[in-house]
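Working notes, beginning with the structure itself.
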Amino acid sequence: MQLSNEIITASASAVRHTGSHLFWTTNPTESLRISIRQFGQTTPVLAQETQDGLELIAGHARLAILRELGEPVLVRLVEDADDRDKGLLYITDNATRPMDDGMRLSALQYFRPIIDDKALKADIFPLLGVKPKSKDAKLLLAWLDLPKAWQNLLAKGNIPLAAGTTIARMNDYDRGAVEQLFSGFSWSRSNAVNMLTWLFETGKMHASPVADVMESAGLNDILKQGLSPKDAITRLTTAMKAARYPELSQLQDDFAKAARELTAGTRWRMNQPNNFETSGAELSVQIKNSSQLAKAIKELETMAGMSPWQTMWKLGGQND
Amino acid sequence: MTNPKQLPQHLRKISHVFVDETMQDSIVANRVRERLIGTTQADIPWTVVPPEQDRIEFDQGEEQALYLKEYKGKFLRFCPGTRAYHCCGYRIIHIGENCPMACSYCILQAYFQDRVLKIWANQKDLFSELADGFGADRNTRYRVGTGEFTDSLALEHLTGYSHDLVGFLNDYDNVTLELKSKVVDLTWMNATTRTDRVLPAWSLNAPFINDHEEFDVSTLQERLEAARTCAEAGFRVCLHFDPIIHYPGWREGYAEIIDMIFDYVKPEQIAYMSLGSFRCMPQLTSIIADNFPDTTYIYNEFVPGLDGKARLLRPLRVEQFSFMVDRLRNHGMDKQMYFCMESSEVWNEVFGYAPKDFGGLGKRLMAQAFGDE
């Protein structure tokens, strides 16, 4: 494969622009449209001569705008490019575009039937800004084996790359059950990973399908409530955490209740610092002057005689 | 012509022996050669490792390699306990690394991610270091064991290592050696002149855990029969419940094995018994999930402990410990029981006292190991 040094002019409508190597095509941006209108085409597109005429290798947005405008297109010719070369040239020509994980996955989907995983890691990952031995590289390879519907959710930004490991560990039935959680909402990395991990682990622990775990955790009821995405995700994760860690969640609830009763109307805050590995609590107060200090001390004296401490001391010991 | 014998089940995956060039004529190397003769593994290849080669590559799927190595590090070590919990103060005699058996919960999976079973063949160096340490002051007592980075007896059939070590320690009245294992090999017994200075020890678990999470190991019955043999020969034995696993049916399972113990040995024949709940470095969880996909106990309620390891939530641990300690007490066990790496709070909740109440765990176990208590 080589690039010619010659630049030719061609009819924009005569250049074919449907090759699968154009894996990141989107509608042209308004800023590019304004730029071409104002200054014309400053950079040629790449195309290759074929028996059916010119085939676009890179420059889809420029070509689309020039077609709209009915203007000819400046083309730098590529010779003897096979499918691998076409993909590499396309990435190179688009190197300055901000890249997300969906775009990386699209590129890998194109290359995977053409080259083996070793070459994929060595030759393609670096072009996509991914270190071949990194966790992201492993995740992207895992995503390549996931069903198309899930790949589309990644491309839409509804689910983060990091969730791929857990989704890959689920069977088709379990994946089918959890898909509804991600088809309607865009999840943050931590919420998505936590939710999927908790669902998978609870299912494994109880030898139950994930669909049953979702039902018993109340997730299906929450989904029916028509909540905003933010509220829905908050409630879903809270409910699922309680299902995954029932004892810990109960302890935390009991602690929060006792802490509320003890600190009500005061500036004091209470915290359990180590997941009940030790008994007791940490107390803190923020004060700015001596009168606030005196008040805090008085509040603490009052708190010391209250009954919820008895609950507090026992939390984390053996269950009754 | 006689049919070749089979090695014990747990050694049958060994398909290659590597030996450091300097160790080719060592006692251990010669013994391994002799003991492979006449077995179905007599013809496995031997590769000599030149001094300039710092590691060996062996990747043959499920197969294992035995590496007879000249070890350059410290042989006598401290147990890597942490300050956040009470450690038993055990000292380690480092004889090798890795284990041929496969237990889902084993930390060695994280430490050694290959299938190379290493044995330190330079026994002279080991004995020299031990002589310097143990002989420096004969009034200083040592409670030592070899079962930290390997199983004490797993390779004994081929190497005779514990037999040699027991023989060496006959001259050191100030040392008690614990041999901790999940297999049965009592060939070391005839090397000792002091039944009160060797503590044969076996790990025990609920039968369900033994069936589902421990592979290529001796059965619980075989281990307890071996313990009885040792007790009848005058040894006191140690038994260890570590890791205790919280699984559906754990009450019935641990009740069964606890009751079974006393069909074989009497409480007074047990020097001490540890109880430790499953805990692990966080990265071990994913290794277990990969190596043992059917394992589910890792998905219980684990939280970060004070030492950073994942630990079962305290009320669940205390519930299991209380159940087991009550049952063991009903069989006559008392002060021989201790917790491996637990807090004073857990000690107090379960036993009603903490190590500081009896002068410290290490001190008590030292006394028990030497038969003072």
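Line by line, the protein sequences give chains A and B.
Quick note: the first sequence, position 106, residue 105 per numbering that gives the first Met the number 0, numbers continuous.
Quick note: the second sequence, position 172, residue 171 per numbering that gives the first Met the number 0, numbers continuous.
Quick reminder that beta carbons are idealized off the backbone N, C-alpha and C, glycines included.
CA-CA distance, A/N26 to A/L235, rounds to 35 Å.
Excluding five sequence positions before and after A/S185, the CB atoms of its chain that fall closer than 6 Å to its own CB belong to G156, N157, given in chain order.
Bounds of the alpha helix (DSSP H) holding A/M194 are 188-205.
The contact set of A/G315 on chain B, defined by CB atoms closer than 9 Å, consists of L312, R313, P314, V317, E344 in chain order. Secondary-structure assignment with DSSP links B/G95 through a beta bridge to B/I118. The three-state secondary structure of B/Y84, taken from DSSP, is coil.
From the beta-carbon of A/N273, the residues of chain B found nearer than 7 Å are L305. In its chain, beyond the 5 residues on either side, D306 have a beta carbon closer than 6 Å to the beta carbon of B/T81. B/V302 belongs to the set of residues whose beta carbon lies under 8 Å from a beta carbon in chain A.
Classified as buried, B/F133 has 16 or more neighbouring CB atoms from the shown chains inside 10 Å of its CB. Within chain A, E200, T201, K203, M204 have C-beta atoms less than 8 Å from the C-beta of B/Y298, given in sequence order.
For A/L247, the C-beta contacts it makes with chain B under 7 Å involve E300, V302, L312, in order along the chain. Closest in alpha carbon position to B/E348, among B/G252, B/L315, B/I13, B/E372, is B/L315. As a beta-bridge residue in DSSP terms, A/G52 pairs with A/T49.
Taking A/S248 as the centre and dropping the five residues before and after it, the same chain places the C-beta of K240, A241 closer than 8 Å to its C-beta, in chain order. For A/L138, same chain residues with a beta-carbon under 7 Å away, outside a window of 5 residues either side, are L160, A161, G163, T164 in chain order. Annotated as distal: A/S278 and A/R268, with beta-carbon spacing of 8 Å or more.
Under the three-state reduction of DSSP output, B/P242 falls in the strand class.
Judged by DSSP in its simplified three-state form, A/H20 adopts coil rather than helix or strand.
Residue pairing for B/C78: DSSP places it in no beta bridge.
Secondary structure within the segment 181-245 of chain B: the alpha helix (DSSP H) runs of 4 or more consecutive residues, fully enclosed, are 206-212, 219-231 (chain order). When A/W23, A/E214, A/M302, A/L65 are compared, the shortest CA-CA separation from A/G39 is found for A/L65. Judged by DSSP in its simplified three-state form, B/S151 adopts coil rather than helix or strand. Cβ neighbours of B/G159 within its own chain (closer than 6 Å, five residues either side excluded): R30. Spatial neighbours of A/I35 in its own chain (CB-CB distance under 6 Å, excluding positions within 5 residues in sequence) are listed in chain order as I64. One finds E344 in chain B with Cβ atoms closer than 8 Å to the Cβ of A/S278, taken in chain order. Among the bridge pairs identified by DSSP, A/R268 is matched with A/S283.
For B/G275, the uninterrupted beta strand (DSSP E) segment begins and ends at 269-276. Residue B/L107 holds the alpha-carbon nearest to the alpha-carbon of B/C279 among B/L107, B/E212, B/S14, B/T38. In terms of Cα proximity to B/S273, the closest of B/D42, B/V115, B/H93, B/E177 is B/E177.
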